[in-house]
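Visitor: Chains L and F supply the protein sequences, listed in that same order.
Residue numbers for the first sequence follow the working numbering, beginning at 38 and rising by one.
Residue numbers for the second sequence follow the working numbering, beginning at 38 and rising by one.
Glycine included, each C-beta is placed from N, C-alpha and C at the ideal position.
2 protein chains.
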Amino acid sequence: MTHHLLDYATRIREQGFRLTPQRQLILDAICEGDQHVTFEEICRRVQAKSSAINQATVYRTLEFLSKLHLVTTAEISGDKVYEIATETPHHHLVCRSCGAVESLADSFLSELSARLRQEYHFKTELSHLVITGVCAKCGGDNG
Amino acid sequence: MTHHLLDYATRIREQGFRLTPQRQLILDAICEGDQHVTFEEICRRVQAKSSAINQATVYRTLEFLSKLHLVTTAEISGDKVYEIATETPHHHLVCRSCGAVESLADSFLSELSARLRQEYHFKTELSHLVITGVCAKCGGDNG
DNA sequence: TTCGTTATTGCAGTTTTTTGCAATAAGGTA
DNA sequence: TACCTTATTGCAAAAAACTGCAATAACGAA
Numbered sequence: 038m039t040h041h042l043l044d045y046a047t048r049i050r051e052q053g054f055r056l057t058p059q060r061q062l063i064l065d066a067i068c069e070g071d072q073h074v075t076f077e078e079i080c081r082r083v084q085a086k087s088s089a090i091n092q093a094t095v096y097r098t099l100e101f102l103s104k105l106h107l108v109t110t111a112e113i114s115g116d117k118v119y120e121i122a123t124e125t126p127h128h129h130l131v132c133r134s135c136g137a138v139e140s141l142a143d144s145f146l147s148e149l150s151a152r153l154r155q156e157y158h159f160k161t162e163l164s165h166l167v168i169t170g171v172c173a174k175c176g177g178d179n180g
Numbered sequence: 038m039t040h041h042l043l044d045y046a047t048r049i050r051e052q053g054f055r056l057t058p059q060r061q062l063i064l065d066a067i068c069e070g071d072q073h074v075t076f077e078e079i080c081r082r083v084q085a086k087s088s089a090i091n092q093a094t095v096y097r098t099l100e101f102l103s104k105l106h107l108v109t110t111a112e113i114s115g116d117k118v119y120e121i122a123t124e125t126p127h128h129h130l131v132c133r134s135c136g137a138v139e140s141l142a143d144s145f146l147s148e149l150s151a152r153l154r155q156e157y158h159f160k161t162e163l164s165h166l167v168i169t170g171v172c173a174k175c176g177g178d179n180g
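(1) Say whether chain F places a C-beta atom closer than 8 Å to the C-beta of L/Glu78.
(2) Give me the chain F residues within the contact set of L/Arg152, using Cβ-Cβ distance strictly less than 8 Å, ordered along the chain.
(3) Threshold first: 4 residues or longer. Then list the alpha helix (DSSP H) segments lying entirely within the stretch 81-168 of chain F, N to C.
(4) Sort F/His128, F/Gly136 and F/Ile67 by Cα distance to F/Leu146 and report the nearest one.
(5) Consult DSSP for L/Gly170 and reduce its assignment to one of helix, strand or coil.
(6) Can you name, in chain order, every residue of its own chain whose Cβ lies under 8 Å from the Cβ of F/Arg182, other than the five neighbours on each side?
(7) Strictly under 8 Å for the Cβ-Cβ distance: is F/Lys160 near chain L by that measure?
(8) Just checking: is the beta-carbon of F/Gly136 within a distance shorter than 8 Å of some beta-carbon in chain L?
(9) Cβ of F/Ile168 less than 8 Å from any chain L Cβ?
(10) Identify the continuous alpha helix (DSSP H) that holds F/Gln61 and give its terminal residues.
(11) Any C-beta of chain L within less than 7 Å: which residues of the stretch 117-137 of chain F qualify?
(12) Measure the C-alpha to C-alpha separation of F/Leu105 and F/Gly115 and round it to an integer number of angstroms.
(13) Any C-beta of chain L sitting closer than 8 Å to the C-beta of F/Cys68?
(14) Any idea which residues DSSP pairs L/Thr75 with across the strands?
(15) Going by other Cβ atoms of all chains shown within 10 Å of its Cβ, with 16 needed for buried, is L/Thr57 buried or exposed?
(16) For a test of the three-state rule: what should DSSP assign to L/Arg50, helix, strand or coil?
(17) Using a C-beta to C-beta distance shorter than 7 Å, which residues of chain F count as neighbours of L/Leu107?
(18) Whole angstroms are fine: how far does the CA of F/Ser87 sit from the CA of F/Cys80?
(19) Can the beta-carbon of L/Tyr119 be found less than 8 Å from the beta-carbon of L/Val108?
(20) So which of L/Val83, L/Ala111 and L/Arg82 has the shortest CA-CA distance to L/His73?
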């Protein structure tokens, strides 16, 4: 379990929402998944623990958690995936060829953000960017 | 009409595929839309000209055109949108607050690409990146 | 121009995602 | 602890997205 439940409980309640067993289970399911969990995977994990949870609830809960920035979502090679939001954001390099996913520190984008702020007065909110391309293995290291 | 139909015809046929009236109409519909056309909008435009075109065909054609890199697709504030692929790629700044969309030249990302290539041996293929944040108008120019 | 191959379409499902609403239960208050 | 308000859930039905397959038609070859 990589999330601190009390923390989430507080953040949910602070905004006048409620922490339900369903929401806890869904948060757990995302945490237990090894980064980038699909809807299908979340359902499977949740229903393994409590088979009575409705799919509609899972859909609504994921949207809810996204809105509260407790989970982030991204589309990786056609699949919508979910991940627990971390304190410092990070991003992903996705290989178009083999599908490998590598993490990328947010600091890589600080230069770009600074430039956009200066030249466009645009404040980026890059919570979870997905950059596609060809990885070292697939493209040859000397590309 | 911003696309050159002959060009597209050639590019489709070169790969052993066929240029059908349906595909032409769908390409036209995307061109005529003012950048970032939704599925719904495409259907409306296509069926205004030829009401007999099936929605399933539109779904399949959009996927087909994306695979051939004749159109690009992106998710802008929750909506999947389509756009004719341009010779030199460009990207978009989307304001989370007011929804405004601004174009961003590909050159803005060349530094990042260079770094990723050097440090990760990762060759980016940034055909249509969407960067969310807060625009000058909504965030104040001095942010 | 005609013919044949086979990519593409339309149709009619099937699956996935979303929605409305009554019943339930979280969590503040007394 | 018991009660009350109303956010949340489950259900069932609707809408949206996707598929399999037989019929059609694009387009290269003769």
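Guide: Reading off the structure:
(1) Residue numbering aside, residue 78 of chain L sits at position 41 when the first sequence is read from its first letter. Taking Cβ atoms only, chain F never reaches closer than 8 Å to L/Glu78, which makes this a no.
(2) If you number the first sequence from 1, residue 152 of chain L lands on position 115. Here the neighbours are Phe145.
(3) 92-104 and 147-157
(4) Stepping through the second sequence from its first residue, residue 146 of chain F is reached at position 109. That would be F/His128, whose Cα lies nearest to the Cα of F/Leu146.
(5) For this step, residue 170 of chain L is matched to residue 133 along the first sequence. Reduced to three states, the DSSP call for L/Gly170 is strand.
(6) No statement about residue 182 of chain F is possible, as the shown extent of chain F runs from 38 to 180 and does not include it.
(7) Start at 1 with the first residue of the second sequence, and residue 160 of chain F comes out as number 123. Yes, its Cβ sits closer than 8 Å to a Cβ of chain L.
(8) By 1-based counting over the second sequence, the position of residue 136 of chain F is 99. No, F/Gly136 does not count as interfacial toward chain L.
(9) Taking the first residue of the second sequence as 1, we reach residue 168 of chain F at position 131. Output row for F/Ile168: interface = yes.
(10) For the purposes of this step, residue 61 of chain F is taken as residue 24 along the second sequence, with counting starting at 1. Looking at the DSSP string, the run of the alpha helix (DSSP H) that includes F/Gln61 is Pro58 to Glu69.
(11) Leu130 and Arg133
(12) Counting from 1 along the second sequence, the entry for residue 105 of chain F is found at position 68. Counting from 1 along the second sequence, the entry for residue 115 of chain F is found at position 78. Taking the straight line joining both Cα atoms gives about 24 Å.
(13) Along the second sequence, read from residue 1 onward, the residue named residue 68 of chain F stands at position 31. Not one chain L Cβ lies under 8 Å of F/Cys68.
(14) By 1-based counting over the first sequence, the position of residue 75 of chain L is 38. According to DSSP, L/Thr75 bridges with L/Val118.
(15) Position 20 of the first sequence, counting from 1, holds the residue named residue 57 of chain L. It is exposed - the Cβ of L/Thr57 has fewer than 16 other Cβ atoms within 10 Å.
(16) Counted from its first residue, the first sequence places residue 50 of chain L at position 13. If DSSP states are grouped into helix, strand and coil, L/Arg50 belongs with the helices.
(17) The count along the first sequence starts at 1 and reaches residue 107 of chain L at position 70. Going along chain F, no residue has its Cβ under 7 Å from L/Leu107, so there is no contact; the nearest lies around 17 Å.
(18) Residue numbering aside, residue 80 of chain F sits at position 43 when the second sequence is read from its first letter. Residue numbering aside, residue 87 of chain F sits at position 50 when the second sequence is read from its first letter. The straight-line gap from Cα to Cα measures roughly 10 Å.
(19) For the purposes of this step, residue 119 of chain L is identified with residue 82 of the first sequence, where counting begins at 1. For the purposes of this step, residue 108 of chain L is identified with residue 71 of the first sequence, where counting begins at 1. In contact: L/Tyr119 and L/Val108 (Cβ atoms closer than 8 Å).
(20) The sequence position of residue 73 of chain L within the first sequence is 36, counting from 1. Nearest C-alpha to L/His73: L/Ala111.
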